[in-house]
Amino acid sequence: MSTVVDTITADIEAIDAPLESQMTLSMGPQHPSTHGVLRLDLRLDGELVVKAIPDIGYLHTGMEKLFEYKKYQQGIVITDRMDYLNPLGNNLAYVMAAEKLLQLEIPERAQVIRVLMCELQRIASHMVWLGTHALDLGAMSVFFFCFKQREKILNLIEAASGGRMTPSYFRIGGLMMDLPAGFDRRVRQFLEDFPEALDTFDTLVTGNTIWQSRTKGVGVIERDEAINWGLTGPSLRGSGVELDLRRHNPYTGYETYDFEIP
Numbered sequence: 001m002s003t004v005v006d007t008i009t010a011d012i013e014a015i016d017a018p019l020e021s022q023m024t025l026s027m028g029p030q031h032p033s034t035h036g037v038l039r040l041d042l043r044l045d046g047e048l049v050v051k052a053i054p055d056i057g058y059l060h061t062g063m064e065k066l067f068e069y070k071k072y073q074q075g076i077v078i079t080d081r082m083d084y085l086n087p088l089g090n091n092l093a094y095v096m097a098a099e100k101l102l103q104l105e106i107p108e109r110a111q112v113i114r115v116l117m118c119e120l121q122r123i124a125s126h127m128v129w130l131g132t133h134a135l136d137l138g139a140m141s142v143f144f145f146c147f148k149q150r151e152k153i154l155n156l157i158e159a160a161s162g163g164r165m166t167p168s169y170f171r172i173g174g175l176m177m178d179l180p181a182g183f184d185r186r187v188r189q190f191l192e193d194f195p196e197a198l199d200t201f202d203t204l205v206t207g208n209t210i211w212q213s214r215t216k217g218v219g220v221i222e223r224d225e226a227i228n229w230g231l232t233g234p235s236l237r238g239s240g241v242e243l244d245l246r247r248h249n250p251y252t253g254y255e256t257y258d259f260e261i262p
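Here's what the structure looks like:
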């Protein structure tokens, strides 16, 4: 029968035992009301993730099943919830698939408006990742500046669609409705002001020693690794691969625009 002394001795021996070079960290679980989260079991060697095991099915939404009970136009509402930071991008992918099946030709004005709205939504989405990323690393001020700009874009989206987070603005064959009067003026004003905000982000982030120390050399993915792992979008371009579907496989009229790949 163990005594108190035996218990204390065992605890001391456990404390003095050499630590493993790696540790296991449970990333999550998060509360189900949290947006866009997942649970991972991580095996870490310092700041290097040696192994990651996803918990498949955690916070499963069952959207594929929901689509089975909706008409094609009704399904647009569901796509808003697939990524609440970029609902218009989800709307577009869905309606384009239906339009391809139906062999519909979309009016040029509708295509231009789709591009405009998706690019505004893209900026708003980037404001969230940049702001929350900086916040998690201790650069708190960036978060507030980013969300200030995001708020301006959400106001524009609300003016066009009536919804801020779930606009459901695109329709199979076109749009929910035309843009409101004065919308172009409001967009131009935002675009005139936004470069100054970008300069502020640059000062607050790249000039922040805390952010620098917690990102330099951490999580580096080389070019070949990025290609082999199938990275896309900004993650792929961040690894030095100049690939953007808007240019290399254009859709909804992107082929008519001349732009640089960021």
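Number 47 in my numbering belongs to position 47 of the sequence shown; there are no gaps in the numbering.
Glycine included, C-beta positions come from ideal geometry on N, C-alpha and C.
Taking the alpha-carbon positions, what's the residue i to residue j distance?
i      : j      : result
Thr252 : Thr24  : 46 Å
Met63  : Tyr169 : 19 Å
Asn91  : Lys70  : 15 Å
His126 : Glu105 : 31 Å
Pro262 : Val241 : 11 Å
Gly188 : Gln30  : Note that residue 188 corresponds to Arg in the displayed sequence, not to Gly. Going from the Cα of Arg188 to the Cα of Gln30 covers about 40 Å.
Arg39  : Phe183 : 41 Å
Ala52  : Ser26  : 10 Å
His248 : Phe194 : 27 Å
Ala124 : Asn155 : 11 Å
Leu243 : Ala134 : 26 Å
Glu119 : Arg109 : 16 Å
Val37  : Thr61  : 12 Å
Gly138 : Glu68  : 44 Å
Val50  : Gly28  : 18 Å
Arg81  : Lys216 : 34 Å
Arg122 : Asp41  : 30 Å
Asp83  : Gly89  : 9 Å
Val220 : Pro54  : 21 Å
Gly230 : Glu255 : 24 Å
Glu196 : Glu225 : 35 Å
His111 : Leu101 : Contrary to the premise, residue 111 reads as Gln rather than His in this sequence. C-alpha separation (whole angstroms): 18 Å.
Arg185 : Thr132 : 30 Å
Thr232 : Lys148 : 28 Å
Over the uninterrupted alpha helix (DSSP H) stretch that includes residue i, give me the two end residues.
i      : result
Ala139 : Neither: Ala139 is in no alpha helix (DSSP H) and is coded neither H nor E.
Met96  : Pro87 to Leu102
Ser213 : Thr209 to Thr215
Val49  : Careful: Val49 lies outside any alpha helix (DSSP H), inside the beta strand (DSSP E) at Leu48 to Pro54.
Arg185 : Phe183 to Thr206
Leu231 : Looking at the DSSP string, Leu231 is not in any alpha helix (DSSP H), and its letter there is neither H nor E.
Leu40  : Here Leu40 belongs to no alpha helix (DSSP H); instead the beta strand (DSSP E) covers Leu40 to Asp45.
His248 : Leu245 to His248
Thr79  : Gly75 to Asp80
So the beta strand (DSSP E) residue i belongs to, where does it begin and stop?
i     : result
Thr24 : Met23 to Met27
Look at the Cβ atom of residue i, then the Cβ atom of residue j, and state whether they are nearer than 8 Å.
i      : j      : result
Glu150 : Glu158 : Residue identity check: residue 150 is Arg in the sequence provided, not Glu. Cβ distance not < 8 Å, so Arg150 and Glu158 don't count as in contact.
Gly174 : Pro250 : no
Pro167 : Pro234 : no
Phe145 : Leu66  : no
Val115 : Leu130 : no
Leu44  : Gln74  : no
Phe201 : Lys152 : no
Arg223 : Ser213 : no
Val218 : Glu99  : no
Ile172 : Tyr72  : yes
Val128 : Leu59  : no
Leu179 : Ile76  : no
Around the C-beta of residue i, are 16 or more other C-beta atoms found within 10 angstroms, so that it is buried, or is it exposed?
i      : result
Tyr94  : buried
Ser161 : buried
Ile210 : exposed
Thr206 : exposed
Gln103 : exposed
Leu198 : exposed
Met177 : exposed
Asp136 : exposed
Met117 : buried
Leu245 : exposed
Ile56  : exposed
Thr34  : exposed
Leu236 : buried
Thr79  : buried
4-residue-minimum alpha helix (DSSP H) runs that sit fully inside the stretch 123-177, ordered along the chain: Listed in chain order, the complete alpha helix (DSSP H) runs (minimum 4 residues) inside the stretch 123-177 are 140-161.
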